[in-house]
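Taken in sequence, the protein lines are chains V and F.
Going by the numbering used here, the first residue of the first sequence is number 2, and it counts up by one from there.
Going by the numbering used here, the first residue of the second sequence is number 2, and it counts up by one from there.
Number of protein chains: 2
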Amino acid sequence: MPVTLKDVAERAGVSRSAVSRTFTDGASVSAKMRRKVEKAATELGYSPNALASSLTTGRTKLIGLVSNNFHNPIFLEVFDLFTRGLQDRGLRPLLVNLTNETEPDNSVRMLRQYSVDGVVVASSTLSPAFARAFRDAGIPVVHSFGRYSSSPQVHVVGIDNVECGRMAARELLKRGYRRIGFLGGPEQATSTQDRFAGFMEELAKHPGLNVKHSYADAYSFKAGRAEMQRLLLNDAPVAEAYFCGDDVLSIGVLSALQDAGQRVPEDVGLIGLNDMEMASWENISLTTIRQPIRQIIRSSIELVEAMLEEPDRYPEARLFPCSVVERRTLRSAH
Amino acid sequence: MPVTLKDVAERAGVSRSAVSRTFTDGASVSAKMRRKVEKAATELGYSPNALASSLTTGRTKLIGLVSNNFHNPIFLEVFDLFTRGLQDRGLRPLLVNLTNETEPDNSVRMLRQYSVDGVVVASSTLSPAFARAFRDAGIPVVHSFGRYSSSPQVHVVGIDNVECGRMAARELLKRGYRRIGFLGGPEQATSTQDRFAGFMEELAKHPGLNVKHSYADAYSFKAGRAEMQRLLLNDAPVAEAYFCGDDVLSIGVLSALQDAGQRVPEDVGLIGLNDMEMASWENISLTTIRQPIRQIIRSSIELVEAMLEEPDRYPEARLFPCSVVERRTLRSAH
DNA sequence: GTCATTTTTGCAACCGGTTGCAAAAGTGAT
DNA sequence: ATCACTTTTGCAACCGGTTGCAAAAATGAC
């Protein structure tokens with residue numbers, strides 16, 4: 002069934018090399034030869050086997066797209082942008098789901114078996130050990146949404162989570178909140194740790210505040226809701242305003258508050274992080290810190306592509322500024 | 002850098018075939034030989050090149066996961082389940098994003114170049130022409146969430162959308178609604194067409210009803226919200242109750258209604274379809290028809306796997322029953 | 001220990017391409 | 001037509017594996 006180089010060569014009455022050359026650009030083929038070959042190829046419906054050619058060229062154009070984040074709707078957009086961006090450059094995403102995976106070795110082995118040209122780790126909750134493991138295996142890797150200081154030898158594209166923490170703190174202070182809460186994502190996630198650090202750092206400049214913090218189990222609606230319900234029960238009265246680890250978490254928190262009869266922002270203020278599409282939905286209208294994910298992803302793709310040419314490129318961190326998107330879950334500055 | 006079969010063979014002092022055989026199960030190797038080879042392999046950190054072996058075996062274990070639905074949060078769960086399910090069986094998903102793609106030929110060529118063993122088309126909005134094109138190219142294909150009558154020669158796994166339409170109609174009738182609306186997804190989507198057909202069929206049994214229908218541009222929050230806003234403006238008064246094409250659409254509709262001061266379910270009733278996670282969120286609490294996506298996906302994977310053994314398997318449609326999940330967006334039966 | 005039978009091993013060809021090299025063909029000047 | 005020079009072409013080896021086949025080694029019965 003599958004038609005090969007040889008078939009085309011025979012039909013066109015030329016050598017196999019000639020056929021190969023007409024399909025690799027930059028090769029030396031006369032116009033006449035090209036016409037002959039292309040004619041035979043279309044008649045036979047030939048398209049070259051990318052995997053076979055990868056054997057000699059050493060390039061598969063396969064990029065491992067590695068993530069463990071399949072519960073935060075923002076990652077649907079992330080996958081959308083990554084897959085389209087990669088496709089547009091002739092690269093193919095091999096999706097690897099690392100949910101519940103703690104051992105980098107398996108993934109490394111797997112991606113090596115498929116000779117991926119590079120790997121994008123798209124996650125803010127996956128241990129930096131994964132990106133490092135790929136790097137150590139000699140696979141070009143970019144960690145998108147990662148922490149830039151955790152693995153200086155790995156390329157990182159993302160935001161400055163510490164600064165985002167500060168930004169959230171300033172926003173709450175500006176509005177005169179004094180009993181303030183941090184409701185983070187998973188405590189082990191570097192993004193949570195950094196946001197917390199920046200947040201506390203900024204708050205520390207203003208003495209006399211009452212600050213509490215706690216963590217949800219995951220960046221998810223359910224976890225946010227559960228954690229806020231716990232606070233309402235065990236830790237009442239809750240703070241005047243919360244910085245939540247993430248939008249989807251915020252939305253869970255919002256739902257718990259509404260169920261408990263608390264009005265937002267009159268009784269409790271909320272600021273999230275990401276600016277996922279849902280945050281702008283009119284029945285949610287979440288004030289949040291916008292993370293420029295399109296730019297992050299574009300840059301990640303450009304970087305991984307550059308590494309294909311230059312695998313030992315000196316590692317860099319590409320950080321994109323975030324900005325506050327004001328909607329209706331914080332009271333206005335007085 | 003990459004260590005090959007030959008390296009291992011030399012190190013172990015055996016033939017290349019011997020090494021190959023220890024890594025293909027079912028091959029004849031003595032225990033002693035296996036030990037020798039495995040020792041050398043681990044010392045060198047060898048893992049076989051799956052792509053090279055695919056050349057002779059004709060199996061890549063690559064499965065094209067094709068979709069155009071990157072805006073409906075339910076598809077994040079779909080991707081999660083597919084990727085994990087495939088991985089668990091030693092298959093690798095090659096993700097293909099067909100957003101804005103109308104021409105099947107490109108995708109077919111691309112997937113052929115990568116010699117995927119099979120394809121799963123996961124979409125209820127993608128034209129059946131895609132699944133057919135893969136089939137015609139000789140690639141085993143399963144259309145998940147597809148319409149079973151559109152391409153009898155293609156395997157389909159999903160639900161009976163016509164029956165779901167009937168089910169929604171019965172649910173509304175049971176509750177005494179008489180001014181009834183259908184607010185569908187994209188009119189070209191087979192899922193929308195079928196749900197509409199079933200819905201109207203059931204309603205037709207009850208004369209004297211007042212039934213309207215219209216379509217949103219996409220299965221998305223934004224589209225649902227926009228369409229309901231249009232109805233509120235141009236087509237008031239709106240119906241007593243709507244069957245919406247999909248949950249995320251329903252949530253958009255809900256938001257438009259709330260903004261317009263309409264209470265749900267007191268003024269307007271709503272029933273969706275899917276039972277996505279968000280439908281159960283307490284601030285939404287959408288009554289909906291549950292589509293058993295775990296089962297659909299599991300079955301799709303089993304089916305595509307079976308087709309690897311038997312590519313010309315007689316085509317079948319696997320349909321899973323849906324059921325109504327009652328929450329709080331329909332008034333109770335009187 | 002011999003012999004027939006089974007298991008294990010290596011050789012060599014092959015999978016579908018690419019590529020260095022040298023021969024063949026084309027080009028232009030004389 | 002000849003020659004020097006450039007471009008195009010085909011040969012053959014190779015990429016990293018697999019596999020049919022026959023030879024070698026192991027097994028077991030006698």
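Each residue gets a CB set at the ideal place from its N, CA and C atoms; glycine is no exception.
### Message
Could you tell me the alpha carbon to alpha carbon distance between L77 of chain F and E78 of chain V, rounded to whole angstroms?
### Response
In this model, L77 of chain F and E78 of chain V are separated by some 9 Å (Cα to Cα).
### Query
Using Cβ-Cβ distances below 7 Å, what residues of the stretch 88 to 112 of chain F are close to chain V?
Residues Q88, R93, P94, L95, L96, N98, T100, R110.
### Message
Please classify L52 of chain V as buried or exposed, where buried requires at least 16 neighbouring CB atoms within 10 angstroms.
### Response
L52 of chain V comes out buried.
### Task
Let me know if H207 of chain V comes out buried or exposed under the rule of 16 or more other beta-carbons within 10 Å of its beta-carbon.
Under this definition H207 of chain V is an exposed residue.
#### Entry: Range covered by the alpha helix (DSSP H) that runs through K37 of chain F
Here the alpha helix (DSSP H) through K37 of chain F covers 32 to 45.
#### Entry: Distance between N211 of chain F and N98 of chain V (C-alpha atoms, nearest Å)
Pairing N98 of chain V with N211 of chain F, the inter-Cα distance amounts to about 48 Å.
### Query
Closer than 8 Å, CB to CB, is L56 of chain V near chain F or not?
Yes, its Cβ sits closer than 8 Å to a Cβ of chain F.
### Euclidean distance between Cα positions of A19 of chain F and K33 of chain F
Taking the Cα positions, A19 of chain F is about 11 Å away from K33 of chain F.
### Task
Determine the closest residue to A169 of chain V out of V:D26, V:F183, V:H156, with distance taken between C-alpha atoms.
Nearest to A169 of chain V by C-alpha distance, out of V:D26, V:F183, V:H156, is V:F183.
### Message
Output needed in chain order: residues of the stretch 247 to 275 of chain F with a Cβ under 9 Å from some Cβ in chain V.
### Response
Listed by position, the residues of the stretch 247 to 275 of chain F near chain V (Cβ gap below 9 Å) are I252, G253, L255, S256, A257, Q259, D260.
### Query
What does A224 of chain F touch in chain V if you count any residue whose Cβ is under 9 Å from its own?
The contacting residues do not exist; A224 of chain F stays about 12 Å from chain V at best.
### Message
Less than 8 Å between the C-beta atoms of I294 of chain F and I272 of chain F, yes or no?
### Response
When the beta-carbon positions are compared, I294 of chain F and I272 of chain F stay at least 8 Å from each other.
### Query
Along chain V, which residues have their Cβ under 7 Å away from the Cβ of Q114 of chain F?
Going along chain V in sequence order, the residues near Q114 of chain F (Cβ under 7 Å) are S48, P49, N50, A51.
### Task
Identify the contact partners of P322 of chain F in chain V, using a Cβ-Cβ distance below 9 Å as the criterion.
Near P322 of chain F there are no residues of chain V at all, since even the closest Cβ is about 26 Å away, more than 9 Å.
### Query
Mind checking whether V254 of chain F and M279 of chain F have CB atoms under 8 Å apart?
With contacts defined as CB atoms closer than 8 Å, V254 of chain F and M279 of chain F fail to qualify as a contacting pair.
### Task
Would you give the residue range spanned by the beta strand (DSSP E) that S152 of chain F belongs to?
It is not in any beta strand (DSSP E) - S152 of chain F carries neither H nor E in the DSSP assignment.
### Task
Indicate whether at least one CB of chain F lies closer than 8 Å to the CB of M283 of chain V.
Sequence inspection shows Glu at residue 283 of chain V; the Met mentioned does not correspond to that position. With its beta carbon less than 8 Å from one in chain F, E283 of chain V belongs to the interface.
### Message
If we define contact as Cβ-Cβ less than 8 Å, is F80 of chain F a contact residue for chain V?
### Response
Output row for F80 of chain F: interface = yes.
### Message
Run through chain V and tell me which residues come within less than 9 Å of F71 of chain F, C-beta to C-beta.
### Response
Neighbours of F71 of chain F across chain V, judged by C-beta separation under 9 Å: L77, E78, F80, D81, L82, T84, R85.
### Task
Kindly indicate which three-state DSSP category P94 of chain V falls into: helix, strand or coil?
P94 of chain V falls in the strand class under three-state DSSP.
### Query
What did DSSP end up calling A53 of chain V once you bin it into helix, strand or coil?
Residue state, collapsed to three classes: helix.
### Task
Say whether chain F places a C-beta atom closer than 8 Å to the C-beta of P74 of chain V.
Using a Cβ-Cβ cut-off of 8 Å, P74 of chain V counts as an interface residue toward chain F, since at least one Cβ of chain F sits closer than that to its own.
### Buried versus exposed, by CB contacts within 10 Å (16 or more), P74 of chain V
Buried, since its Cβ has 16 or more Cβ neighbours within 10 Å.
### Task
May I ask which residues mark the beginning and end of the beta strand (DSSP E) holding T289 of chain F?
T289 of chain F -> beta strand (DSSP E) spans 289 to 291.
### Query
Taking the DSSP output, what are the residues bridged to L184 of chain V?
DSSP output for L184 of chain V lists V:S215, V:C245 as bridge partner(s).
### Query
Is the number of C-beta pairs between the stretch 107 to 117 of chain F and the stretch 55 to 65 of chain F that are closer than 8 Å three or more?
Yes, the stretch 107 to 117 of chain F is in contact with the stretch 55 to 65 of chain F.
### Message
Just to confirm, is the Cβ distance from R17 of chain V to L6 of chain V under 8 Å?
### Response
R17 of chain V is a Cβ neighbour of L6 of chain V, given a cutoff of 8 Å.
### Message
Going by DSSP in three states, G199 of chain F sits in which element: helix, strand or coil?
### Response
Taken through DSSP and simplified to helix, strand or coil, G199 of chain F comes out as helix.
### Query
Exposed or buried, G209 of chain F, counting other C-beta atoms within 10 Å across all chains shown (16 or more means buried)?
Exposed, by the Cβ-count rule.
### Query
If we count the other Cβ atoms within 10 Å of its Cβ and call it buried at 16 or more, is R328 of chain F buried or exposed?
Per the 10 Å Cβ criterion, buried.
### Task
Buried or exposed for E203 of chain F, please, with buried defined as at least 16 other CB atoms from any protein chain shown within 10 angstroms of its CB.
Counting Cβ neighbours within 10 Å, E203 of chain F comes out buried, since at least 16 surround it.
### Message
Which of the three DSSP states is assigned to S68 of chain V in this structure?
### Response
Strand at S68 of chain V.
### Message
Relative to the C-alpha of G14 of chain F, which candidate in F:A41, F:M111, F:T84, F:K213 has its C-alpha closest?
### Response
Closest option to G14 of chain F, Cα to Cα, is F:A41.
### Beta-carbon contacts of F124 of chain V that lie in its chain and below 7 Å, excluding the five residues immediately before and after
Looking at the sequence provided, one finds Ser at residue 124 of chain V rather than Phe. Correct list, in chain order: S68, N69, N70, F146.
### Message
Quick test of your reading: L232 of chain F and S215 of chain F, contact by CB under 8 Å. State the CB separation rounded to the nearest angstrom.
### Response
Contact holds; Cβ gap of about 7 Å.
### Task
Taking 8 Å as the cut-off, decide whether the C-beta atoms of G225 of chain V and L250 of chain V are in contact.
At the C-beta level, G225 of chain V and L250 of chain V come within 8 Å of one another.
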